[in-house]
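Have a look at this one:
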């Protein structure tokens, strides 16, 4: 690959990466406590279930304005104090600060929700309509794009 082609390819690759980032996502939104909203519970049927919001809007801590969300969430668990079960589908905004890092990676364990301790899971994903399933997966577009770029540059 000559220098001009390599420069054009690298410019195109960075353009693709820049514009493949998720600006906003559409997410299912609902909440169920002790199964009181069967349409929100698993198994989830998106064609008959919860409200779908696109773009899904959220607030950053300490701000009043709604902004387009970057991640869909599914929170499941059991309140420690009462044993009540919860299932929440919604969205959140990642401000790239410590206060929002909880949405960057799915995890299970203990967490504080609605001023109560919960034993459960917080699952996040960054693609539209990605929060209906019982197991969510992070987007893998960046690693695939980067590995493609590296493989082309090395050949």
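Numbering (this note's numbering), first residue to last: 114 to 268.
Beta carbons: idealized from backbone N, C-alpha and C, even for Gly.
Per DSSP, the unbroken beta strand (DSSP E) holding residue 165 starts and ends at 164-166. Rounded to whole angstroms, the separation of the alpha carbons of residue 243 and residue 154 is 15 Å. Remark: C-beta atoms of residue 180 and residue 190 do not approach each other more closely than 8 Å. Inclusion of residue 186 and residue 237 in the CB contact set at 8 Å is warranted, their separation being smaller than that value. When beta bridges are read from the DSSP output, residue 232 appears opposite 191, 223. The shortest C-alpha to C-alpha distance from residue 241 to any of 226, 184, 194 is the one to 184. Contact between residue 194 and residue 229 holds, with the beta-carbon distance rounding to 6 Å and staying under 8 Å.
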